[in-house]
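A short write-up of the structure that comes next.
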Amino acid sequence: EPEVTQTPSHQVTQMGQEVILRCVPISNHLYFYWYRQILGQKVEFLVSFYNNEISEKSEIFDDQFSVERPDGSNFTLKIRSTKLEDSAMYFCASRRRTGGGDEQFFGPGTRLTVL
Amino acid sequence: AQRVTQPEKLLSVFKGAPVELKCNYSYSGSPELFWYVQYSRQRLQLLLRHISRESIKGFTADLNKGETSFHLKKPFAQEEDSAMYYCALEELGNEKLTFGTGTRLTIIP
Numbered sequence: 001e002p003e004v005t006q007t008p009s010h011q012v013t014q015m016g017q018e019v020i021l022r023c024v025p026i027s028n029h030l031y032f033y034w035y036r037q038i039l040g041q042k043v044e045f046l047v048s049f050y051n052n053e054i055s056e057k058s059e060i061f062d063d064q065f066s067v068e069r070p071d072g073s074n075f076t077l078k079i080r081s082t083k084l085e086d087s088a089m090y091f092c093a094s095r096r097r098t099g100g101g102d103e104q105f106f107g108p109g110t111r112l113t114v115l
Numbered sequence: 116a117q118r119v120t121q122p123e124k125l126l127s128v129f130k131g132a133p134v135e136l137k138c139n140y141s142y143s144g145s146p147e148l149f150w151y152v153q154y155s156r157q158r159l160q161l162l163l164r165h166i167s168r169e170s171i172k173g174f175t176a177d178l179n180k181g182e183t184s185f186h187l188k189k190p191f192a193q194e195e196d197s198a199m200y201y202c203a204l205e206e207l208g209n210e211k212l213t214f215g216t217g218t219r220l221t222i223i224p
């Protein structure tokens with residue numbers, strides 16, 4: 001069964017450095033998402049992406065964050081200048097279509113640690 | 116703004132006993148509601164959705180619009196049910212999932 005994959009599984013970086021988190025969504029899916037979960041807190045929506053543009057973003061997703069789909073398979077989340085509070089688990093998700101209770105499929109997550 | 120509340124962070128139940136994981140939501144429109152499960156060291160995966168009204172692994176959940184609840188139930192708990200359970204809401208016409216804080220269910224053998 002196809003799965004969403006994410007790399008790396010764990011990323012450690014220094015405060016102020018740029019990081020890129022990578023995701024490969026399921027191949028026939030059209031809608032892509034990033035969520036994050038700070039330790040001990042709920043899973044929070046960051047951004048949704050469809051047809052090569054952002055369709056919605058949360059207030060967390062400020063100018064330090066960007067997403068792109070550079071080659072038609074990878075879906076990346078870039079944090080330009082990491083802060084300590086960016087330490088979290090980042091989940092990528094994808095789905096075929098919206099509405100009708102269609103399922104979002106999640107990746108295993110990337111644990112980002114900012115020192 | 117929509118909100119999902121799972122009042123229990125931790126729940127321990129004996130094997131064979133009934134399980135109920137509570138979920139309440141606040142949303143003015145018609146929501147789509149989901150239960151996601153995360154087993155140890157595994158990814159979030161969909162357990163069930165209210166729109167399909169199905170039973171998965173013996174679990175059921177009924178949307179009660181009057182009480183704005185979507186509680187997850189299973190009549191007889193099994194050890195393999197131990198996991199983290201998240202209730203999630205999706206607004207009609209929107210795409211993002213709003214999650215509750217999750218309930219860690221532990222089944223005592």
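Protein sequence lines correspond, in order, to chains A and B. Mapping the first sequence onto our numbering, position 21 (from 1) lands on 21, and the numbers just tick up by one. Mapping the second sequence onto our numbering, position 86 (from 1) lands on 201, and the numbers just tick up by one. The C-beta atom is built at its ideal place from N, Cα and C for all residues, glycine as well. Small disclaimer: the values here were computed from a predicted structure and weren't measured.
Against residue 154 of chain B, chain A offers no close residue; the least beta-carbon distance is about 12 angstroms (beta-carbon pairs closer than 7 angstroms). In this structure, the CA atom of residue 22 of chain A is about 6 angstroms from the CA atom of residue 75 of chain A. Using beta-carbon distances, residue 144 of chain B does not count as an interface residue toward chain A, since no partner is under 8 angstroms.
For residue 17 of chain A, there is no enclosing beta strand (DSSP E), since its DSSP letter is neither H nor E. About 20 angstroms separates the beta carbons of residue 42 of chain A and residue 221 of chain B, which is beyond the 8 angstroms limit, so they are not a contact pair.
Here residue 113 of chain A is exposed. Its C-beta has fewer than 16 other C-beta atoms within 10 Å. Close to residue 210 of chain B, with beta-carbon spacing below 7 angstroms, are these residues of chain A in chain order: 31, 48, 55, 56 and 98. The DSSP-derived three-state label of residue 103 of chain A is coil. Separation of the CB atoms of residue 117 of chain B and residue 213 of chain B is rounded to 5 angstroms, and the pair is thereby assigned contact status at 8 angstroms.
Here residue 98 of chain A really is in contact with residue 31 of chain A; their C-beta atoms are around 6 angstroms apart, less than 8 angstroms.
Between residue 4 of chain A and residue 92 of chain A, the gap from beta carbon to beta carbon is short of 8 angstroms. Taken through DSSP and simplified to helix, strand or coil, residue 207 of chain B comes out as coil. Burial state of residue 2 of chain A is exposed, judged by a 10 Å Cβ sphere holding fewer than 16 other Cβ atoms. Of all residues in the segment 181-196 of chain B, none comes within less than 7 angstroms of chain A when Cβ atoms are compared. Of all C-beta pairs linking the segment 62-78 of chain A to the segment 132-141 of chain B, fewer than three are shorter than 8 angstroms, placing the two stretches out of contact.
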